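Heads up: the structure comes next, in structure tokens.
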Amino acid sequence: MKRLTPKLGRLLPYAGPATVLIAVWIAVVISTPSLRGESGGYVIALNFELVGLVAVGVAITMVAGELDLSVGSMAAVGGVVAIKVSNAGLVPAVLAATLAGTLVGTLQGYLIARLKINSLVFTIGTLIVLRGVAYVIARNEPLPLSNFGAADILLQRWWFLTAGSIVALAVFVVLGVFMSSTRFGREVRALGGGRTEAEAAGVRTDRAIVLAFAISATCAGLAGGLASFKDGSAVPWAYPDLLLSGVAAALIGGIALAGGRGTVWNVAIGVAILGLLSGALTAHGAQDSLSQLFTGALLLIIATAELGGRRLRARRLMRDRSFGLAAEPDA
Amino acid sequence: MTKPEAMISFSDEGTTEPVAPGAEPPRSPSPVRAALVARAPLLFLVALLAVAIMVTPEFGTAANVKAILANAAIIGIVAVGTTFITLSGNMVSLAVSQSGMLAAVVFLSCVGHGWNQVLAVVVVIALLVAVGIAQGGLVAAGLNPIVVTLAAGAIVLGVVAQLTGGSTITSHGADIGWIASTPLGIPLSVYVFAAVTGLATVLTGKTVLGRRLTLLGANRSSADFSGLPIARTTIWAFVLLSVGIALAGILVGGGLLSANLDTLNTLSIDVAAAVLVGGTAIQGGDGSPLRSAVGACVIATANNVMLLNGFSLGVRQVGSGLTVLIVVVMLALQRGRTVR
């Protein structure tokens with residue numbers, strides 16, 4: 001293979017997901033006349049409000065080589081917290097939901113890091129607990145939003161953007177800069193690249209794990225808070241499929257589950273792909289479950305393709321280095 | 332990044348803890364104490380429940396014990412099946428709820444259309460096994476089990492939603508009362524639970540497949556190097572789980588005489604909780620179906636005690652979630668101690 005210039009090489013990880021995005025967009029434009037032009041951008045923006053925020057948080061735990069399964073429940077908690085204090089106004093209420101997420105995530109990350117527990121196991125536990133907490137806060141029933149005026153701004157649309165999607169995009173930019181240009185962000189990535197190597201290189205792994213889980217739950221809390229205001233109510237049993245959408249968006253965008261690889265821009269591409277898909281299905285009058293079906297199928301296809309690619313590269317590497325020392329490369 | 336030492340690395344997930352059984356230090360104080368320490372989480376839970384039961388007078392009534400057993404049975408049957416997945420190092424399945432719902436819906440619609448009931452049971456098991464083989468095949472090929480089962484669950488739900496239009500499927504008066512029958516006063520599901528647990532225990536401890544599953548989970552690379560058929564073993568784990576899910580789905584569908592998309596929707600989480608509370612190591616290689624069965628009973632009993640004490644749904648969920656967390660933390664602390 002010819003060596004690429006460094007600048008082009010840096011764009012290479014986005015080539016696959018971006019191709020899928022373009023292909024999906026073309027398919028959607030052809031099949032769904034109502035989504036031509038800026039409406040296509042609008043359905044993408046809508047997907048950033050809830051799924052995008054959750055996906056970017058989950059993706060950061062994936063980059064760290066962990067996985068936060070509790071995001072759906074955390075978003076439900078964020079939703080009921082925001083409505084519970086909704087009399088304080090939109091911004092304070094959403095901030096309260098976000099802070100609740102930060103609190104939960106920091107505690108969760110601290111325990112996972114200190115006790116060296118498999119995060120899948122621990123977050124299955126918190127997934128159950130947080131769902132229960134949402135029920136307790138809401139007293140087992142849907143919470144309606146009483147001051148509807150507070151949510152008006154969330155329902156407005158500027159060009160193809162909404163207030164929620166602008167907030168989400170801002171979060172993407174902040175996290176993107178954070179992950180690529182700060183020491184903390186690099187530590188999170190180093191952790192997922194190889195824990196032993198990261199420790200040997202002096203990375204404070206505990207801090208990186210706490211940070212990753214804090215970010216994940218913060219994003220989920222914010223997403224839940226925004227969504228419940230927009231919906232005008234919060235139900236404690238909300239978002240059972242959010243984990244699937246979030247994980248799918250991250251993986252479809254090109255985040256590696258094994259850790260260490262991918263940026264928030266990968267997640268953005270994944271969120272856009274899923275947004276177009278679900279937007280098109282909704283435009284054709286399909287139920288929510290059909291969009292879940294497509295999400296699941298696409299997730300399996302992309303994951304299989306990625307595995308195939310990895311196998312191929314590994315084989316090429318083995319052939320190139322005839323001394324055969326190379327085991328499977330770490331993606 | 333290429334690591335030459337990756338070939339001899341014990342864990343491929345990047346976790347620092349070696350999970351090989353041989354990793355324990357030689358200086359263990361006494362076997363009795365070690366055995367007690369190993370069962371500390373379970374003993375703690377049993378003690379906790381004993382106190383809870385003492386303050387709940389209605390607990391001991393025959394009707395209540397029956398209710399607990401019936402609840403534990405469904406979770407337990409699937410938890411026992413999940414143990415094979417967990418043992419083999421593939422964590423848990425997140426498609427359990429949807430698969431169980433599929434089984435219930437298909438069974439009811441078969442008998443509702445006047446099919447032979449034995450045939451319906453066979454068809455449901457075959458269908459679920461096929462779904463399981465598809466997932467097991469992908470996992471065996473190297474895909475992450477959590478991703479595969481998460482996606483599979485969404486696909487199964489989507490397909491059933493398309494086929495049924497989201498409507499409730501009933502048995503149309505088919506004579507399936509035997510499923511809800513109570514021979515000798517005990518629900519049929521409890522007998523199935525006991526039988527499944529017994530068979531699974533024998534399978535794990537006494538057969539080649541069982542030992543392969545355990546070795547695969549304990550140390551994947553050494554299993555690979557010793558020529559163990561990894562793909563076949565992984566697929567078998569998913570097949571065994573699928574049979575469990577099929578039985579649970581038939582029992583629930585047949586018991587309720589109706590099923591819809593929401594049937595069994597908390598099963599995935601309940602089962603994961605039962606397996607974790609039972610103390611089977613999520614990294615694989617250490618655990619038993621019996622432990623998961625006990626875990627299911629603990630979860631069901633705890634739920635029942637909280638219900639009898641008038642705790643709301645939310646509090647009950649917090650309670651069972653905290654139970655999982657406490658056990659998981661205790662196990663982690665314990666393993667940390669043995670590794671150090």
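Protein chains in written order, with my numbering: chain A, 1 to 331; chain B, 332 to 671.
C-beta: ideal position from N, C-alpha, C; glycine also.
No experiment lies behind these values; they were computed from the predicted model shown.
* chain A partners of glycine 497 of chain B, CB-CB under 8 angstroms? -> Gln287 and Ser289
* By Cβ distance below 6 angstroms, which residues in the same chain neighbour alanine 93 of chain A in space, the five residues on each side in sequence not counted? -> Excluding positions up to five away in sequence, the list reads Ala82, Val85 and Ser86.
* Asked: Interface residues of chain A around isoleucine 581 of chain B at Cβ under 9 angstroms?
  -> Going along chain A, no residue has its Cβ under 9 angstroms from isoleucine 581 of chain B, so there is no contact; the nearest lies around 23 angstroms.
* From what residue to what residue does the alpha helix (DSSP H) around glutamine 448 of chain B run? -> For glutamine 448 of chain B, the enclosing alpha helix (DSSP H) stretches over residues 448-471.
* Asked: Checking contacts by CB at 8 angstroms: is asparagine 475 of chain B closer than that to chain A?
  -> yes
* Asked: For lysine 84 of chain A, which residues in chain B fall below 7 angstroms Cβ to Cβ?
  -> Here the premise fails: no neighbours, minimum Cβ distance about 14 angstroms.
* Compare the beta carbon distance of isoleucine 112 of chain A and phenylalanine 213 of chain A with 8 angstroms and say whether it is the shorter of the two. => yes
* Asked: Quick one, which of B:Val636, B:Ser552 and B:Gly467 has its alpha-carbon nearest alanine 562 of chain B's?
  -> B:Gly467
* Taking the alpha-carbon positions, what's the glycine 164 of chain A to glutamate 187 of chain A distance? -> 30 angstroms
* **CB contact below 8 angstroms: glutamine 493 of chain B versus chain A** => yes
* Close beta carbons around proline 352 of chain B, own chain, < 8 angstroms, minus the five adjacent residues each side -> Low confidence applies here, because proline 352 of chain B scores a pLDDT of 48, under 50, leaving its location unreliable; read the following figure in that light. If we look at proline 352 of chain B and ignore the five residues flanking it on each side, its Cβ neighbours are Ala549, Gly616 and Asp617.
* Can you tell me which of A:Arg189, A:Leu35 and A:Thr295 puts its alpha carbon nearest to the alpha carbon of alanine 258 of chain A? => A:Arg189
* Asked: To which residues does DSSP link arginine 157 of chain A through a beta bridge?
  -> A:Thr162
* Taking the alpha-carbon positions, what's the leucine 12 of chain A to valine 264 of chain A distance? -> 15 angstroms
* To do: State yes or no: is the beta carbon of leucine 418 of chain B nearer than 8 angstroms to at least one beta carbon in chain A?
  => no
* To do: Helix, strand or coil for isoleucine 500 of chain B, going by three-state DSSP, please let me know.
  => Correct three-state label for isoleucine 500 of chain B: strand.
* Could you give the uninterrupted runs of the alpha helix (DSSP H) lying entirely in the segment 503-577 of chain B, keeping only those of 4 residues or more? -> 519-537, 539-549 and 551-556
* For alanine 234 of chain A, the three-state DSSP class (helix, strand or coil) -> strand
* To do: Could you tell me whether the Cβ atoms of leucine 374 of chain B and valine 636 of chain B are closer together than 8 angstroms?
  => no
* What number of angstroms, rounded off, separates the C-alpha of asparagine 735 of chain B from the C-alpha of glycine 585 of chain B? -> The structure shown does not extend to residue 735 of chain B, since chain B is modelled only from 332 to 671, so the question has no answer here.
* Where DSSP assigns a beta bridge to proline 144 of chain A, which residues make up the other side? -> Note: proline 144 of chain A sits in a beta bridge opposite A:Ser233.
* Asked: Rounded to a whole number of angstroms, what is the C-alpha to C-alpha distance between isoleucine 456 of chain B and glycine 580 of chain B?
  -> 10 angstroms
* **Distance, proline 388 of chain B Cα to valine 58 of chain A Cα** => 45 angstroms
* **Residue-level contact to chain A via CB, glycine 652 of chain B, 8 angstroms cutoff** => Chain A contact via Cβ: present.
* **Backbone CA spacing between glutamate 199 of chain A and glutamine 108 of chain A [nearest angstrom]** => 21 angstroms
* Asked: How about leucine 90 of chain A and isoleucine 166 of chain A: do their beta carbons lie closer than 8 angstroms?
  -> no
* Taking the alpha-carbon positions, what's the glycine 16 of chain A to isoleucine 273 of chain A distance? -> 12 angstroms
* Would you say leucine 648 of chain B faces chain A, with C-beta separation under 8 angstroms as the test? -> For the record, residue 648 of chain B in the displayed sequence is glutamine; it is not leucine. Yes, its Cβ sits closer than 8 angstroms to a Cβ of chain A.
* Presumed contact (8 angstroms Cβ cut-off) between glycine 225 of chain A and glycine 79 of chain A, rounded CB distance -> 6 angstroms
* To do: Answer with yes or no whether the minimum CB distance from leucine 664 of chain B to chain A is below 8 angstroms.
  => yes
* Just mark isoleucine 26 of chain A as buried or exposed, buried being the case when its beta carbon has 16 or more other beta carbons within 10 Å. => exposed
* Distance CB(serine 440 of chain B)-CB(alanine 568 of chain B) smaller than 8 angstroms -> Between serine 440 of chain B and alanine 568 of chain B, the CB-CB gap reaches or exceeds 8 angstroms.
* Would you say valine 660 of chain B faces chain A, with C-beta separation under 8 angstroms as the test? -> Using beta-carbon distances, valine 660 of chain B counts as an interface residue toward chain A, with a partner under 8 angstroms.
* **DSSP state of alanine 612 of chain B mapped onto helix, strand, coil** => coil
* To do: Specify, as a first and last residue, the run of the alpha helix (DSSP H) that glycine 259 of chain A falls within.
  => First-last for glycine 259 of chain A: undefined, no H or E at that position.
* C-beta contact flag for serine 623 of chain B and threonine 414 of chain B at 8 angstroms -> yes
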